[in-house]
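Engineer: Mind looking over this structure? Questions follow.
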Ligand code: MN
């Protein structure tokens, strides 16, 4: 029932790895720049410690497209509090620009946007060869079955009707990033 991947816990592992690596390197006296390639010989004992990417220690990046400042704040806090990195766009053109520049892992798309609608933004993203594989979760006040169907036709991978329970949002995002 409960998806074990829903609350992603990457921070504990990452910080643990960083601490372990820092200590091990100091103990071995590796003061110089890190080697670009692993040594050819048998690995030293510290190789058993998983080495996380040096920068940045963070989870998947989610582009949140939302024109309501309060909703944006709530979703930013929600995702950043659960191991994701949040990128924020308040309108369609900004969403397209950020998506192309940052290549997020997933996009949460408010359908009701001033000017360019979330549906139109999604159509353009899905027509972009470099971005069409990025999952788009539509979030809309529309509760009719027709709204969900329209979002699907525009290319949205998932549809959530507002108000969206926090657990449902996290489960949906984790499921699409799996
Ligand atoms: Mn809106």
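Numbering (our numbering), first residue to last: 7 to 184.
Just so it is clear, CB atoms sit at the ideal spot from N, CA and C, and this is done for glycine as well.
Please read these numbers as outputs of a predicted model, since none were measured by experiment.
So, at 7 Å on beta carbons, what are the nonlocal neighbours of residue 120 in its own chain, with the 5 sequence-adjacent residues on each side left out?
Structural biologist: Cβ within range, chain order: 73, 97.
Engineer: Do residue 103 and residue 143 come within 8 Å of each other at the CB atom, strictly closer than that value?
Structural biologist: No. Outside cutoff.
Engineer: Drop a sphere of 10 angstroms on the beta-carbon of residue 35, count the other beta-carbons inside from all chains shown, and report buried for 16 or more, exposed for fewer.
Structural biologist: For residue 35, the pLDDT reaches just 42, beneath the cut-off of 50, and the residue's location in the model is therefore unreliable, leaving the point undetermined.
Engineer: On the criterion of 16 or more Cβ atoms from any shown chain inside 10 Å, does residue 196 qualify as buried, or is it exposed?
Structural biologist: What the structure shows of the chain is the stretch from 7 to 184, and residue 196 is not part of that stretch, so it cannot be assessed.
Engineer: Could you compute how far the alpha carbon of residue 167 sits from the alpha carbon of residue 155?
Structural biologist: Looking at the two C-alpha atoms, the distance is approximately 12 Å.
Engineer: Can you tell me whether residue 117 is helix, strand or coil according to DSSP?
Structural biologist: Three-state DSSP puts residue 117 in coil, outside helix and strand.
Engineer: By the DSSP assignment, the alpha helix (DSSP H) with residue 85 in it spans what residues?
Structural biologist: Looking at the DSSP string, the run of the alpha helix (DSSP H) that includes residue 85 is 75-86.
Engineer: With respect to the alpha helix (DSSP H) encompassing residue 137, which residues constitute its N-terminal and C-terminal limits?
Structural biologist: Unbroken run through residue 137: none, as it is neither H nor E.
Engineer: Would you tell me roughly how many angstroms separate the C-alpha atoms of residue 81 and residue 137, rounded to the nearest one?
Structural biologist: Cα to Cα, the separation comes out at about 22 Å.
Engineer: Any chance the CB of residue 153 is under 7 Å from a heavy atom of the ligand MN?
Structural biologist: It does not: the Cβ of residue 153 is nowhere closer than 7 Å to a heavy atom of the ligand MN.
Engineer: Specify the secondary structure class of residue 159 as computed by DSSP and reduced to three states.
Structural biologist: Looking at residue 159 - three-state DSSP - the assignment turns out to be helix.
Engineer: If you reduce the DSSP assignment to three classes, tell me which class residue 173 lands in.
Structural biologist: If DSSP states are grouped into helix, strand and coil, residue 173 belongs with the helices.
Engineer: For residue 169, which of 145, 111, 160 has the nearest alpha-carbon?
Structural biologist: Here the closest residue by C-alpha is 145.
Engineer: Tell me whether residue 105 sits in a helix, a strand or coil according to DSSP, three-state version.
Structural biologist: Helix at residue 105.
Engineer: Could you give the first and the last residue of the continuous beta strand (DSSP E) run that contains residue 95?
Structural biologist: 91-95 is the span of the beta strand (DSSP E), which, as asked, contains residue 95.
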